[in-house]
Amino acid sequence: MENNEPIRDQEIEIDLVALFHELVKHWKALVASMVLLAAVFGLYSKITFVPEYEASAEMYVLTKSTSITSLADIQVGSSLTNDYEYVITGRTVLSQVINNLDMDETYEQLSKRVSIENPTDTRVLKIVVTDTDLEASKTVADEIAKVSSQYIADNMDQSQPKIIQTAYASKTPVNNNILKNTVIGAVLGLFLAAGIVVLGYMLDDTISNADDMETRTGLKVLASLPVDETEYDGAKTKRRKKKKTQSSKSDDSKSKKRAV
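Rendered as structure tokens:
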């Protein structure tokens, strides 16, 4: 008796080949979903896009020693870059920059737009500033380099860092993610449509052949009766015609009653 229990007490088996064919059968829906979500993501990104530009100025760190450069001197210079990174992004320097340029923002707001880079094994500091205005990003980067260089010379008992590169910026925004978001939308559309197709396939409990019968009921199929598709379609057509005739007669009868 236990062998005849419904399949709900057994593990569900998934035919990967049949599932693949099901996905192929719905390829138009998959493509439509990809195109739709790609268009939505791309259009939204374009509408809400606010370009940001990045400008950078470069300083070279010098030690106070006037002797011939030695390995120790290089090591000291490299260690100073870490201190300078902290000073450049500190409240004193950035607040002075805000005052000099009469900027309408706080130290906290500016500090989020400023970063310091130190290329490996060098004593070069790159001051990077992002801004929605190309020229403004260059102006701020140059001012930070100028103020921090003078501050280090006046307060840290070290030689004044040399500004070796004034601010320069690319005209290409650094945050242009429209293409990336469009691709993400297309991928999400594909997975969403595929998920719906797979879910529909797994929830479909229609018995269409002997294998389905055995799988879903646990009963052995001893025999099957062939069905003539032509006769089956003919019977369906006759039933539709019969219903149509009956409906016409009913309408005629109602019309006669109204006439009387």
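Start counting at 1 in the sequence shown, then tack on 60, and there's your number in the working numbering.
Note that beta-carbon positions come from the ideal geometry of N, C-alpha and C, so glycine has one too.
Opening and closing residue of the beta strand (DSSP E) in which residue i lies
i, result
"E203", "E203 -> not in any beta strand (DSSP E); alpha helix (DSSP H) instead, spanning L194 to N215."
"S116", "Y113 to Y120"
"V174", "V174 to E177"
"T190", "V184 to D191"
Assumed close pair residue i, residue j - CB separation to whole angstroms, cut-off 8 Å
i, j, result
"Y211", "V147", "7 Å"
"V207", "N178", "Not confirmed; about 19 Å, so no contact."
"I158", "L170", "6 Å"
"N235", "P111", "7 Å"
"H86", "V257", "5 Å"
"A227", "D202", "5 Å"
"L79", "L250", "The pair is not a contact, with the Cβ atoms about 15 Å apart (cut-off 8 Å)."
Nearest residue (CA-CA) to residue i, options the options
i, options, result
"G245", "S230, S93, K280 and V188", "S93"
"L103", "V257, I238, Q218 and G249", "I238"
"K88", "A254, L259 and L263", "A254"
"I118", "K231, T152 and T182", "Per the sequence shown, the amino acid found at residue 118 is Glu instead of Ile. When only C-alpha atoms are compared, the closest one is T182."
"I176", "A196, G260 and L154", "L154"
"Q218", "I224, S209, T226 and F251", "S209"
"I187", "T166, E195, E145 and N159", "E145"
"Q225", "E195, L185 and V258", "L185"
"A99", "L259, L248 and M262", "L248"
"A205", "Q156, K240, H86 and T232", "Q156"
"E168", "V95, D162 and T149", "T149"
"M216", "V174, L83, S230 and D143", "D143"
"S197", "L263, L83, P233 and L250", "P233"
"V200", "M163, T266 and I107", "M163"
"E195", "D214, T180 and K231", "K231"
"L252", "L97, V77 and L76", "L97"
"S105", "A213, I223, V243 and P221", "V243"
"D75", "M262, K172 and K280", "M262"
Residue range of the alpha helix (DSSP H) that includes residue i
i, result
"Q218", "It is not in any alpha helix (DSSP H) - Q218 carries neither H nor E in the DSSP assignment."
"V243", "I238 to L263"
"K222", "Where K222 is concerned, there is no enclosing alpha helix (DSSP H), although the beta strand (DSSP E) it sits in stretches over K222 to A229."
"H81", "L76 to K85"
is_contact[residue i, chain D] using C-beta, thresh 8 Å
i, result
"I107", "The structure shown contains no chain D, having only a single protein chain."
Distance cut-off 7 Å: residue i Cβ against heavy atoms of the ligand FMN
i, result
"I158", "You won't find the ligand FMN in this model; it holds no ligand whatsoever."
For the segment 188-199 against the segment 107-118, are there 3 or more C-beta pairs whose distance is under 8 Å? The segment 188-199 and the segment 107-118 touch, with no fewer than 3 CB-CB distances between them shorter than 8 Å.
I'd like the ranges of any alpha helix (DSSP H) spanning at least 4 consecutive residues and lying wholly in the segment 144-169. 151-161
Suppose only complete runs of 4+ residues qualify. What are the alpha helix (DSSP H) ranges in the segment 90-115, listed by chain order? none
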